[in-house]
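Numbering (our numbering), first residue to last: 69 to 987.
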């Protein structure tokens, strides 16, 4: 019996089909997509051979020199920890006997071909019994509604970049650059395939099957589509009872109007409307004693009964609400009944379970199948023979399976016990053995002549240390290895193949190919910042919602060398940009950027979304993702000349030949204008909405006179009085707490919330650079500088609002009193265009008969940091507050904050205070 490895036990993605007329299955060579597309003509035989050495997992047996680390990246074999839950044992019995016949094109060699057939059958049977100890397969009917959704997903999200289209009937011949799927139902059950499709990197960590970020429902739908040829009876029945219920009736005493098979607890699939009741009945199956947390959510009422005992009662008419309760189930089957009713309006039902350490799953995935319908029969249940399993474990460790496959049993790694160690690549002769498959002691790969020639070339070259890979060579190798170029181009390399092109789609046809074809990677290292490249490779991305094809995740450890290499290679493409002497943190600078992004500037929001707000035109990439993704120098240069970076783009040049079209903004300085946009967008989704983005807005604009807006203003309370000045300075006065609550620049208020519909809720300021002033009582008598500021509500300690008086140009003076002191509070802009500040004059008068306070203080500001500077006080290093009436401000620390207190000194029962806000 050969002491040789069972290489890449499940190295092909799913199942295979025959490839050419006249060829037997055993004649079909391993299908390696990068080789077929880029090395079939073998212009560089050594590079082609090194690629195959990695993709065929040769270095699991034959060690390679360290200099070949980048040239040969081993495609790790599947992890087998829970293979018993995923793959049918009946399939494994056939596959391990003759992999190439069962799955033509597989990269799994026939490692046992040299063993006489009868003896080989015993070895395979033992290994399969061992693998089956890791779990049991559970046949669940493919969801019929899910089949249609899964077909759409399969043909749109990116599966077709590597796989063939799958029409329901008469599938076309496989493309040579496709990994064939064959008939997945021979290998997988619905739960098993769903697990793999949803998280392929946990099973195939090598990254050749990337993670498409499918959620549990999407993965189940795709799996249902791929398994649709297996006709299994649904294990869940439903009964429908039309009626106007206020609570759950006893459905056992009612006659249903309709009964049938349910595809799960999916109300949409049943298409019921109005008021009605439903009862779902089925059986769930668990393989071992297990503690589950059951979750039942519904709108309106629902009830979960297991084994004739009510577990969760969520009855009554109510919006969606969820209840949960734990239950320990014994191994075996358990009856399940879910009752539900809807009393008109919105409806929802979620029946979930949660095992320890795992996310919630739909309870429908545990529904047992009563019997198969006519169609492809379901394999009989596989019963593990523990004696055979023990022998199988020995074979698994001694025949080399554990050299390729990671497998843990009871949390411990199953380690290989090699009885035959392969020679290093440098010591191989390059003839016979695995290459020709003639030896009874070597695995048989069914390599074709092309593959043999390039492997021989690579083995000959391996006798000497390899030259270090770097730059363009390293980038191109990784893009080819992981088939990135099935979707992307980089220079002359790659791109969507003509036969696959129609399957790349978008819901924004106005964007043309930019909306449906993934972007070019030419110059990507000079475009994207390092953190974003790492994020995309490790987590994928969905920043182009209009593009159906998804950017998958490959696992950072697999493509780490690509991240650094693409940046190093493209560094020469980075063009310097003029320095700007205004910091990005400058709020006025950001406000200008906001203006430029909006409808009164460069109108970026006409084509680009902004956070979760749609644009007014096509829905291009969100502006709030720009600084997260891009390098700032690339952003600058791209805005000046988009065509130079993306030929054919619909993006117009906002600064033709580098010249600004808005000379009055930042003196027409292009570099400053673009940098201000970058500074504004650097706030990401927290950035204030640019003007012109919200359709239906009712913007209040002050022209020659001040305008007022009395309503619910966010940050100023329910009795807020907003004031907008023609100078584009604005404020909000809190009439509840008698304080100036906020000041801000530019846009005043959008009245649409309060002037249309029911007018519910608080509206935030429309402009930028919002400064929030201290909450609570504005004045207090402090006997000592160590006294805490009072926390009582102003109304509770004698504050009273007395209205306001309108002066010249409708500018208000706010009137209020406290403890016998009358206050006139008059704010107004001062200065000249472009440098307006807000001056605030407060006049105090003590009423006759009231005591003049000796230690009255005004709390002007509370912030993280306040320090004397520039003739005033710098707040958080950002803006200046000046005292213009002669008082000396005091900065003190209280509750881990800085407070600026200003003493109020009375003469002849009166006092004055003038302060200026320059922000």
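Backbone N, C-alpha and C fix where the C-beta goes; we use that ideal spot for every residue, glycine too.
Who are the near neighbours of residue i in its chain, counting only those whose CB is closer than 6 Å to its CB and skipping five residues on each side?
i	result
residue 915	888
residue 91	Low confidence applies here, because residue 91 scores a pLDDT of 45, under 50, leaving its location unreliable; read the following figure in that light. So the list is empty, once near-sequence residues are dropped.
residue 322	309
residue 958	969
residue 335	415, 417
residue 375	402, 403
residue 113	522, 525
residue 118	139, 140, 526
residue 719	710
residue 167	174, 176, 178
residue 236	Residue confidence is low: residue 236 scores 47 on pLDDT, short of 50, so the model does not pin down where it sits. No coordinate-derived value is stated.
residue 530	493, 494
residue 294	252
Report the CB separation of residue i from residue j in whole angstroms; it is logged as a contact under 8 Å.
i	j	result
residue 515	residue 496	Incorrect: roughly 14 Å between the Cβ atoms, too far for contact.
residue 292	residue 214	4 Å
residue 592	residue 660	The pair is not a contact, with the Cβ atoms about 30 Å apart (cut-off 8 Å).
residue 556	residue 588	6 Å
residue 218	residue 315	Not confirmed; about 37 Å, so no contact.
residue 623	residue 281	About 13 Å; that fails the 8 Å criterion.
residue 757	residue 657	About 18 Å; that fails the 8 Å criterion.
residue 205	residue 272	Not a contact, Cβ separation roughly 19 Å.
residue 262	residue 288	5 Å
residue 129	residue 471	7 Å
residue 772	residue 794	6 Å
residue 550	residue 627	6 Å
residue 49	residue 805	Not covered by the structure: residue 49. The range shown for the chain is 69 to 987.
residue 792	residue 730	Contact flag wrong, Cβ pair sits at about 24 Å.
residue 802	residue 784	5 Å
residue 408	residue 433	About 19 Å; that fails the 8 Å criterion.
residue 742	residue 707	6 Å
Leaving out five residues before and five after residue i in sequence, what residues of the same chain have Cβ atoms less than 7 Å from its Cβ?
i	result
residue 573	224, 584, 616
residue 201	152, 452, 457
residue 835	798, 812, 813, 814, 815, 816
residue 398	357
residue 614	574, 575, 576, 579, 583, 687
residue 637	539, 540, 543, 593
residue 561	544, 547, 553
residue 827	821
Can you check whether the CB of residue j is closer than 8 Å to the CB of residue i?
i	j	result
residue 466	residue 483	no
residue 744	residue 664	yes
residue 779	residue 788	yes
residue 177	residue 96	no
residue 546	residue 632	no
residue 883	residue 892	yes
residue 473	residue 146	yes
residue 962	residue 845	no
residue 460	residue 195	yes
residue 405	residue 348	yes
residue 851	residue 810	no
residue 746	residue 701	no
residue 972	residue 926	yes
residue 559	residue 603	no
The ligand COA and residue i: does the residue's C-beta get closer than 7 Å to at least one heavy atom of that ligand?
i	result
residue 694	With respect to the ligand COA, the structure shown offers nothing to examine, as it has no ligands at all.
Can you give me the Cβ contacts of residue i inside the same chain, cut-off strictly under 8 Å, excluding the 5 residues immediately before and after it?
i	result
residue 980	909, 910, 911, 912, 953
residue 875	881, 894
residue 680	753
residue 937	948
Pairing CB atoms from the stretch 113–124 with CB atoms from the stretch 139–153, are three or more of them under 8 Å? Yes: the two stretches touch, three or more of their Cβ pairs being nearer than 8 Å.
Ignoring anything shorter than 4 residues or poking outside the stretch 577–643, list the alpha helix (DSSP H) runs there in chain order. 592–595, 598–607, 624–638, all fully within the stretch 577–643.
Quick test of the definition: if touching needs 3 or more C-beta pairs under 8 Å, does the stretch 417–429 touch the stretch 352–365? Yes, since at least three Cβ pairs between the stretch 417–429 and the stretch 352–365 fall closer than 8 Å, the two stretches touch.
Quick one: any contact between the stretch 425–432 and the stretch 102–119, if contact means 3 or more CB pairs under 8 Å? Contact fails: fewer than three Cβ-Cβ distances are below 8 Å.
Let me know the alpha helix (DSSP H) ranges lying completely inside the stretch 646–691, each 4 residues or longer, listed in chain order. DSSP runs (the alpha helix (DSSP H)) wholly in the stretch 646–691: 655–665.
Could you tell me whether the stretch 127–137 touches the stretch 157–164, using the rule of 3 or more Cβ pairs below 8 Å? Touching, no, given that fewer than three Cβ pairs across the two stretches are closer than 8 Å.
Contained alpha helix (DSSP H) runs [length at least 4] in the stretch 482–535, N- to C-terminal order: Entirely contained in the stretch 482–535, the alpha helix (DSSP H) runs reaching 4 residues are, in chain order, 501–504, 517–529.
Which residue spans inside the stretch 105–186 form an unbroken alpha helix (DSSP H) run of at least 4? Counting only runs of 4 or more, we get 113–123, 151–154, 157–165, 167–170.
In chain order, which continuous runs of the alpha helix (DSSP H) of length 4 or greater are located wholly inside the stretch 808–857? Unbroken alpha helix (DSSP H) runs of no fewer than 4 residues, entirely contained in the stretch 808–857, are found at 820–823, following chain order.
With a floor of 3 residues, list each beta strand (DSSP E) that falls wholly inside the stretch 319–395, ordered by position along the chain. DSSP runs (the beta strand (DSSP E)) wholly in the stretch 319–395: 326–329, 343–354, 358–367, 370–374, 377–382.
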